[in-house]
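Undergrad: This is the structure, below, for whatever I ask next.
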DNA sequence: ATACGCATGTAATCTGTTACATGATTGT
DNA sequence: ACAATCATGTAACAGATTACATGCGTAT
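Residue numbers (UniProt numbering), protein chains in the order written: chain R, 1 to 189; chain F, 1 to 189.
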């Protein structure tokens, strides 16, 4: 039997289903806010993408409007079909390993510069990564300190946060070693 | 004076300029091939994106057709303007730190599953990352062994390859630790 | 002759970003 | 009255993927 293949562009739906499942019935507005403060570290979407997607998902039966509040506010909830879809994706979808990163592209091209210039660029990249690292670590501290009752997130997002911190740390180390390597090579001449 | 701001979608141009500078005059076909075997680890583009972009870049004076070969083959080279553009981007462009990764999204959502299921998913992710790691390490070995004269790449791409290897290794470690954490937590109950 | 790989392109479609547009509610 | 924020949407554009289409050159 032919198994349904997941299109690449499934991710927005999945992210929305996940947020909705983790935080309970929410409006598009709420979801856009939560996107910014949580999933944004791994996936981004603005409200102009979220509203139409929710409408399509409702048409496909993955979510449903459970209530309508003040000023046209629509509260969506995950349907059983939506829940099944989310589980199927998590359990069965082999995520594409492709990375598309401007920072990685810069790191790729940096040897085209003279050693001194390359070091300047790498130092700037290192600083950016240190800033990101600090930001993520601050998030983790806050998460540990605040009662779960206030956030209701539990472990949700914690593993991804840990991953992000490790990657940022790895990037800083890589920049350090690369700078040292370039300096060693140019000193040798 | 208002400094020209680089649009997000500059990256394809930059990648092409970099490849062209590193490997000398090439056709669109050559560049598409080189994309697959080098830059693909940090940025992807198919020939259907490359051909029109080269045409636009030629119109903007960043590259120029230096020769025409058999069956309509056009050989592009970087112009001085193109070289300046590449250098300006590398030296002056702060790369966006945003990451968009299906794997990271899965890692974000994985706590929504039952512990046993989560472990299964994490193990699969770990295996995928180990495979990628092996692939990248094989590339590095080949690079060390082969004479530079044959490849003419020099250090080009070497730092990015190192970064990729570190990130893959970090991912494997993260998966291991996360699996251990989940097992510890579910044993505790 | 015919099949395969080289080589270039366009078209249709999807995803994502930025900008535009509107109106309701709440606090001061 | 007014500003700020809540809340929803559409439109225009840019970027990326998949599929379609064509023709040359070479080896069998």
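The beta carbon of each residue, even a glycine, is placed where N, CA and C say it ideally should be.
On the CB-based measure, 16 or more other CB atoms within 10 Å of its CB, does residue 91(F) come out buried or exposed?
TA: Classification for residue 91(F): exposed.
Undergrad: Between the region 129-138 of chain R and the region 160-173 of chain R, can you find at least three pairs of beta-carbon atoms closer than 8 Å?
TA: With a cut-off of 8 Å, the region 129-138 of chain R and the region 160-173 of chain R count as touching, because enough Cβ pairs lie within range.
Undergrad: Are the beta-carbon atoms of residue 61(R) and residue 20(R) separated by less than 9 Å?
TA: In this structure, residue 20(R) does not lie closer than 9 Å to residue 61(R) by Cβ.
Undergrad: Can you tell me whether residue 80(R) is buried or exposed, with buried defined as 16 or more other CB within 10 angstroms of its CB?
TA: Per the 10 Å Cβ criterion, exposed.
Undergrad: Can you tell me whether residue 47(F) is buried or exposed, with buried defined as 16 or more other CB within 10 angstroms of its CB?
TA: By the 10 Å Cβ count, residue 47(F) comes out exposed.
Undergrad: Name the chain F residues that come within less than 7 Å of residue 108(R), Cβ to Cβ?
TA: Going along chain F in sequence order, the residues near residue 108(R) (Cβ under 7 Å) are 39, 42, 157, 160.
Undergrad: List the endpoints of the continuous beta strand (DSSP E) containing residue 77(R).
TA: Segment 74-78, the beta strand (DSSP E) holding residue 77(R).
Undergrad: With 9 Å set as the bound, which would you pick, yes or no: does the beta-carbon of residue 58(F) sit closer than that to a beta-carbon of chain R?
TA: Output row for residue 58(F): interface = no.
Undergrad: If the cut is a Cβ gap below 8 Å, which residues of chain R does residue 119(F) touch?
TA: Those do not exist, as residue 119(F) stays about 12 Å from chain R at its closest Cβ, beyond 8 Å.
Undergrad: In the DSSP assignment, what residue or residues form a beta bridge with residue 58(F)?
TA: DSSP output for residue 58(F) lists no bridge partner at all.
Undergrad: If you drop the 5 nearest sequence neighbours on each side, which residues of the same chain put their C-beta closer than 7 Å to that of residue 18(R)?
TA: Here the set comprises 86.
Undergrad: Skipping 5 residues on each side, what residues in its chain have a beta carbon closer than 6 Å to that of residue 75(F)?
TA: Taken in chain order, the residues that qualify are 25, 27, 66, 67.
Undergrad: So that I know if they touch, is there some Cβ in chain R lying closer than 9 Å to that of residue 14(F)?
TA: Judged by the 9 Å Cβ criterion, residue 14(F) is in contact with chain R.
Undergrad: In whole angstroms, what separates the C-alpha of residue 93(F) from that of residue 170(F)?
TA: If you take the alpha carbons of residue 93(F) and residue 170(F), they lie about 27 Å apart.
Undergrad: Report yes or no: do the region 113-128 of chain F and the region 38-53 of chain R share at least 3 C-beta pairs separated by less than 8 Å?
TA: Contact fails: fewer than three Cβ-Cβ distances are below 8 Å.
Undergrad: Within 10 Å of its beta-carbon, does residue 123(F) have 16 or more other beta-carbons around it, so buried, or fewer, so exposed?
TA: Per the 10 Å Cβ criterion, exposed.
Undergrad: The beta strand (DSSP E) that contains residue 65(R), what's its start and end?
TA: Unbroken beta strand (DSSP E) run through residue 65(R): 63-68.
Undergrad: Going by Cα to Cα distance, which pick from 39(F), 16(F), 34(F), 30(F) is closest to residue 157(F)?
TA: The candidate whose alpha carbon is nearest that of residue 157(F) is 39(F).
Undergrad: Scan the region 81-106 of chain R for residues whose Cβ lies nearer than 9 Å to a Cβ of chain F and list them as they occur along the chain.
TA: If the cut-off is 9 Å between Cβ atoms, the region 81-106 of chain R has 86, 87, 89, 90, 91, 93, 94, 95, 96, 97, 98, 99, 100, 101, 102, 103, 104, 105, 106 near chain F.
Undergrad: Hey, does residue 187(R) have any beta-carbon neighbour from chain F nearer than 9 Å?
TA: It does not: the Cβ of residue 187(R) has no partner Cβ on chain F nearer than 9 Å.
Undergrad: Are residue 104(R) and residue 174(F) close, meaning C-beta to C-beta below 9 Å?
TA: Not closer than 9 Å, so no.
Undergrad: Over the uninterrupted alpha helix (DSSP H) stretch that includes residue 11(R), give me the two end residues.
TA: Note, residue 11(R): alpha helix (DSSP H), 11-23.
Undergrad: With a 10 Å radius around its C-beta and 16 neighbouring C-beta atoms as the bar for buried, classify residue 128(R) as buried or exposed.
TA: Burial call: buried.
Undergrad: So residue 159(R) and residue 186(F) are in contact, right, with Cβ under 8 Å, and what is the actual spacing, rounded?
TA: No, residue 159(R) and residue 186(F) are not in contact; Cβ-Cβ is about 14 Å, not under 8 Å.
Undergrad: Residues of chain R with CB closer than 8 Å to the CB of residue 111(F), please, in chain order.
TA: By Cβ distance, chain R contributes 154, 155, 156, 157, 158, 159.
Undergrad: At a CB-CB cut-off below 9 Å, which residues of chain F make contact with residue 22(R)?
TA: Under the 9 Å cutoff, chain F gives 109, 111, 112.
Undergrad: By the 10 Å Cβ neighbour count, where 16 or more other Cβ atoms means buried, how is residue 114(F) classified, buried or exposed?
TA: It counts as exposed.
Undergrad: Once the 5 residues before and after residue 13(R) are set aside, which same chain residues still bring their CB inside 8 Å of it?
TA: These residues qualify, in order along the chain: 53, 57, 62, 85.
Undergrad: Hey, residue 130(F) and residue 172(F) are a contact pair by Cβ (cut 8 Å); roughly how many whole angstroms apart?
TA: Their Cβ separation, rounded to whole angstroms, is 6 Å, which keeps residue 130(F) and residue 172(F) in contact under 8 Å.
Undergrad: Should residue 33(F) be labelled buried (16 or more other beta-carbon atoms within 10 Å of its own) or exposed?
TA: So residue 33(F) counts as exposed.
Undergrad: In three-state terms, what does DSSP make of residue 230(R)?
TA: Missing from the structure shown is residue 230(R); chain R here goes from 1 to 189 and no further.
Undergrad: At least one CB of chain R closer than 9 Å to the CB of residue 180(F): is that the case?
TA: Cβ-Cβ to chain R under 9 Å: no for residue 180(F).
Undergrad: For residue 11(R), return the contacting residues in chain F, with the cut-off set at a CB-CB distance below 9 Å.
TA: Under the 9 Å cutoff, chain F gives 100, 102, 105.
Undergrad: With distance defined between alpha-carbon atoms, name the residue in 22(R), 64(R), 16(R), 107(R) nearest to residue 95(F).
TA: The residue with the shortest Cα to Cα distance from residue 95(F) is 107(R).
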